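Numbering (the numbering used here), first residue to last: 25 to 660.
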């Protein structure tokens, strides 16, 4: 399908990649990975012929169609969502124009016996047949199906594209690509603006796609679920394996271990040969043997170990001061944009040191509530921040919060104060902005570099609460891992707006789902939430729960705010107990497995039986506490 041979690209005399070669065949779903700046987006531009080649060739089969999802979208204003999506069917739309013209002529003309009228009838039949073969009678239904899969509602179809945010416009462009009959799909960060449900839908779509797909993504779970091949760009080379991302990492590590072992053995042989050469050189009778060994040594193909680009940013969020027990109290809060009611009568209590995830489809109010909490937008209702609360805010759209006319260094200096201004260069260095990189203008930074700068800027302000809106967009996998580790070590209060399942795992213990202007609490991690949502997707269960929800809502109106606080407290205690039970059960299960596999070694550990019984006793106590809390909660 596509054959890439000895492809090289350089900028400013330095190679992004040099003489790389690979082939794309039907059914290949390739995850193109590498750190920010490695050349992933550049390679996609080369494959789509949007950028000229420096050297090398890209050969393709005849009539191969390539679809490219870019980060920068430029729509014609005035079109509705449906009209823009229909642009995927250029040939069908062209035939529709011809059919309209012929039908218009047939309706107006009366020379039924003329040759030209007969030709119109022939043309009408031919074009109608071609229109039918191309799917002209099905494309509108297919378009609506794909748009709904990507999160659009029917009431959105007739709205103008310019009224949507960049993320939603990206979805329209993605819908057009998926509707086209492309042989190769090039997708640059397709999940950046998708919610969890839309990502799952896209995964299913791509799994059934028969052409070739090349995906640049930093979502490990998405790559594992969709791809069957991984190409990594690192230090100007590529590493190509017929494995999804996680399996590729294992295989590459195994290869590197083998290379190190082989290199070590070869080094021993070389040293032994060199010793023999030195020994034989001293004797005239052995001189010819020494020369023979030298020639043999020169011919040895030295084993090289693949280099890794391990440059990652360094990140740690320090706590400024300890805030009060309550971080934020929200009562009866609502927010509308004109006729669009985003949030309605929201009640929410955020406590100190809690780790919370905001999830749900785009446009349901997650980012809106985050912006309200940091004082960016107005609202109706009540919001009260607690004592000594200092919020650090990471905005989803960094372009709006960073001045493109400033350099990286100026951006940091302007955000610094007298106490930390001298540390600006050191902080930038730890975020990989070293030397001349600090003099780059913000407007020329990639998405990943802009996010790194925003994170670096956060360290210049005092904070004990982190509100982060889609912080992983554009970050490479290694940087995401560094950020996740920093957030796991963060000792303050965390609120994460994200659709990245892998990133959220292990970071939060409470999930709020935003849907239909309301929020719903799930007392568990992101996996617990996803399991619960799968159950809710059954229509029969939804019908049953709708009545219960309505009854509960009426009852809640009668419950005083003091009782609501008590319910919240009980729920938090219950969540903590459930977490402890889960941890203890895992520990006991592990001990039971050890006893089965290696009984003598296990019981030989000091105080083994005392500790084992103590764990079982603790589990029994926790189960009893859980029952008591559950009964108290049901009573309220």
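Positions of the beta carbon are idealized from the N, C-alpha and C atoms, including for glycine.
Bear in mind the structure is a predicted one, so any value in this text is a computation, not a measurement.
Q) From residue 148 to residue 135, what distance separates their C-alpha atoms? A) Along the chain shown, one-based indexing puts residue 148 at 124. Along the chain shown, one-based indexing puts residue 135 at 111. Computed Cα separation, rounded: 16 Å.
Q: Count the CB pairs spanning the segment 541 to 554 and the segment 378 to 392 that are closer than 8 Å, and state whether there are at least three.
A: By the C-beta criterion, the segment 541 to 554 is judged to be in contact with the segment 378 to 392, since at least 3 inter-stretch pairs fall below 8 Å.
Q.
With a threshold of 7 Å on Cβ separation, who are the neighbours of residue 526 within its own chain once the five nearest residues in sequence on each side are excluded?
A. As a working mapping, residue 526 is identified with position 502 in the chain shown. Counting only Cβ-Cβ distances below 7 Å, and skipping sequence neighbours, we find 243, 244 and 245.
Q.
At the level of alpha carbons, what is the spacing between residue 716 and residue 202?
A. This structure cannot speak to residue 716, because the chain is shown only from 25 to 660.
Q) Taking the beta strand (DSSP E) that residue 47 falls in, what are its first and last residues? A) Stepping through the chain shown from its first residue, residue 47 is reached at position 23. From DSSP, the beta strand (DSSP E) with residue 47 extends over 38 to 48.
Q | N-terminal and C-terminal residue of the alpha helix (DSSP H) that residue 523 is part of | A | In the chain shown, counting from the first residue as 1, residue 523 sits at position 499. For residue 523, there is no enclosing alpha helix (DSSP H), as DSSP marks it with neither H nor E.
(Q) Going by beta-carbon coordinates alone, are residue 418 and residue 495 separated by less than 8 Å? (A) Residue mapping note: residue 418 aligns to position 394 of the chain shown, counting from 1. Residue mapping note: residue 495 aligns to position 471 of the chain shown, counting from 1. Yes; because the gap between Cβ atoms is below 8 Å, this pair is in contact.
**Q.** Own chain, CB closer than 7 Å to residue 205, minus 5 neighbours either side, in chain order
**A.** To locate residue 205, count along the chain shown from 1; it is residue 181. Closer than 7 Å at the Cβ level, and outside the excluded window around residue 205, lie 89.
Q.
Mapping the DSSP letters down to three states, classify residue 572 as helix, strand or coil.
A. Residue numbering aside, residue 572 sits at position 548 when the chain shown is read from its first letter. Below a pLDDT of 50, predicted positions are generally treated as unreliable, and residue 572, at 42, falls in that range; the measurement from the model is reported next regardless. Looking at residue 572 - three-state DSSP - the assignment turns out to be helix.
Q.
Does residue 69 come out as helix, strand or coil in the three-state DSSP assignment?
A. Here residue 69 is taken as the residue at index 45 of the chain shown, counted from 1. For residue 69, the secondary structure class from DSSP, reduced to helix, strand or coil, is helix.
Q | Nonlocal neighbours in the same chain, by C-beta distance under 8 Å from residue 366, ignoring five residues either side | A | Taking the first residue of the chain shown as 1, we reach residue 366 at position 342. For residue 366, where only same-chain residues beyond five positions count, the Cβ hits under 8 Å are 359, 360, 387, 388, 389, 392 and 541.
Q.
Rounding to the nearest angstrom, what Cα-Cα distance links residue 499 and residue 531 in this structure?
A. Counted from its first residue, the chain shown places residue 499 at position 475. Counted from its first residue, the chain shown places residue 531 at position 507. One Cα belongs to residue 499, the other to residue 531, and the distance between them is close to 17 Å.
**Q.** CB-CB length for residue 314 against residue 326, believed under 8 Å
**A.** If you number the chain shown from 1, residue 314 lands on position 290. If you number the chain shown from 1, residue 326 lands on position 302. No, residue 314 and residue 326 are not in contact; Cβ-Cβ is about 21 Å, not under 8 Å.
Q | Other residues of its chain near residue 104: CB distance less than 8 Å, five sequence neighbours each side excluded | A | Taking the first residue of the chain shown as position 1, residue 104 is located at position 80. Within the same chain, residue 104 has close Cβ partners 181, 182, 183, 184 and 185.
Q) Going straight from the alpha carbon of residue 413 to that of residue 347, what length do you get? A) Residue 413 sits at position 389 when you count from the first residue of the chain shown. Residue 347 sits at position 323 when you count from the first residue of the chain shown. If I take the Cα positions, the gap works out to 5 Å.
Q. Can you name, in chain order, every residue of its own chain whose Cβ lies under 7 Å from the Cβ of residue 501, other than the five neighbours on each side?
A. As a working mapping, residue 501 is identified with position 477 in the chain shown. Cβ neighbours of residue 501 beyond the five flanking positions: 57, 242 and 244.
Q. Just how far apart, CA to CA, sit residue 376 and residue 483?
A. Taking the chain shown and counting its residues from 1, the one referred to as residue 376 is at position 352. Taking the chain shown and counting its residues from 1, the one referred to as residue 483 is at position 459. Straight-line Cα distance between these residues: approximately 20 Å.
Q: Would you mind reading off the limits of the alpha helix (DSSP H) that contains residue 172?
A: Here residue 172 corresponds to residue number 148 of the chain shown, with the count starting at 1. Boundaries of the alpha helix (DSSP H) around residue 172: 163 to 173.
Q. Which value, in whole angstroms, describes the spacing of the CA atoms of residue 420 and residue 524?
A. Along the chain shown, read from residue 1 onward, the residue named residue 420 stands at position 396. Along the chain shown, read from residue 1 onward, the residue named residue 524 stands at position 500. Approximately 13 Å between the Cα atoms of the pair.
Q: Determine contact between the segment 211 to 228 and the segment 439 to 449, defined as no fewer than three beta-carbon pairs at a distance below 8 Å.
A: Segments in contact, no.
Q | Own chain partners of residue 371 with C-beta closer than 6 Å, once the 5 adjacent residues on each side are dropped | A | The sequence position of residue 371 within the chain shown is 347, counting from 1. Once the five neighbours on either side are set aside, the close Cβ partners of residue 371 are 355.
Q: Would you identify the three-state DSSP class for residue 502, choosing helix, strand or coil?
A: Position 478 of the chain shown holds residue 502. Of the three classes helix, strand and coil, the one that applies to residue 502 here is helix, per DSSP.
**Q.** Straight-line Cα distance separating residue 605 from residue 640
**A.** Translated into the one-based positions of the chain shown, residue 640 becomes position 616. Translated into the one-based positions of the chain shown, residue 605 becomes position 581. Computed Cα separation, rounded: 11 Å.
Q) Per DSSP, residue 407 is paired with what? A) Within the chain shown, residue 407 is the residue found at index 383, counting from 1. The secondary-structure analysis by DSSP pairs residue 407 across a beta bridge with 354.
Q) Near residue 339, what residues of its chain come up, given a Cβ to Cβ distance below 7 Å and the 5 sequence neighbours on each side ignored? A) Start at 1 with the first residue of the chain shown, and residue 339 comes out as number 315. In the same chain as residue 339, and ignoring 5 residues on each side of it, the C-beta atoms closer than 7 Å to its own belong to 479, 506, 507 and 510, in chain order.
(Q) Rounded to whole angstroms, what is the Cα-Cα separation between residue 145 and residue 161? (A) Position 121 of the chain shown, counted from the first residue, corresponds to residue 145. Position 137 of the chain shown, counted from the first residue, corresponds to residue 161. Roughly 20 Å between the two C-alpha positions.
Q: With DSSP as the reference, please indicate the residues paired to residue 492 in a beta bridge.
A: On the chain shown, residue 492 is found 468 positions in, with the first residue counted as 1. Answer is 418 and 520.
Q. In angstroms, rounded to a whole number, what distance separates the CA positions of residue 474 and residue 257?
A. Translated into the one-based positions of the chain shown, residue 474 becomes position 450. Translated into the one-based positions of the chain shown, residue 257 becomes position 233. Rounded to the nearest whole angstrom, the CA to CA distance from residue 474 to residue 257 is 21 Å.
Q: Could you check which residue in 406, 300 and 278 has the C-alpha nearest to that of residue 352?
A: Your numbering for residue 352 matches position 328 in the chain shown. The shortest C-alpha separation from residue 352 is found at 406.
Q) Exposed or buried, what is residue 294 when buried is set at 16 or more other beta-carbons lying within 10 Å of its beta-carbon? A) Against the chain shown, residue 294 aligns to sequence position 270. Counting other Cβ atoms within 10 Å of its Cβ, residue 294 stays below 16 and is therefore classed as exposed.
(Q) For the segment 227 to 241 against the segment 38 to 55, do three or more pairs of beta-carbon atoms, one drawn from each stretch, fall closer than 8 Å, so that the two count as touching? (A) Contact between the segment 227 to 241 and the segment 38 to 55 is established, with three or more Cβ pairs separated by less than 8 Å.
(Q) Do residue 30 and residue 47 count as a contact pair if the criterion is CB distance below 8 Å? (A) Translated into the one-based positions of the chain shown, residue 47 becomes position 23. Translated into the one-based positions of the chain shown, residue 30 becomes position 6. Cβ atoms of residue 47 and residue 30: not closer than 8 Å.
Q) Taking Cβ positions, are residue 416 and residue 487 nearer each other than 8 Å? A) As a first step, residue 416 is located in the chain shown; it is residue number 392 there, counting from the start. As a first step, residue 487 is located in the chain shown; it is residue number 463 there, counting from the start. The criterion of a C-beta distance shorter than 8 Å is satisfied by residue 416 and residue 487.
Q.
Just verifying my parser: in three-state terms, what is the DSSP assignment at residue 55?
A. For this step, residue 55 is matched to residue 31 along the chain shown. Looking at residue 55 - three-state DSSP - the assignment turns out to be strand.
(Q) Pull the bridge partners of residue 152 from the DSSP assignment, please. (A) Taking the chain shown and counting its residues from 1, one reaches residue 152 at position 128. Note: residue 152 is not bridge-paired with any residue in the DSSP secondary-structure output.
Q | Environment of residue 83 [buried if 16+ CB atoms lie within 10 Å] | A | To locate residue 83, count along the chain shown from 1; it is residue 59. Looking at its Cβ environment, which holds fewer than 16 other Cβ atoms inside 10 Å, residue 83 is exposed.
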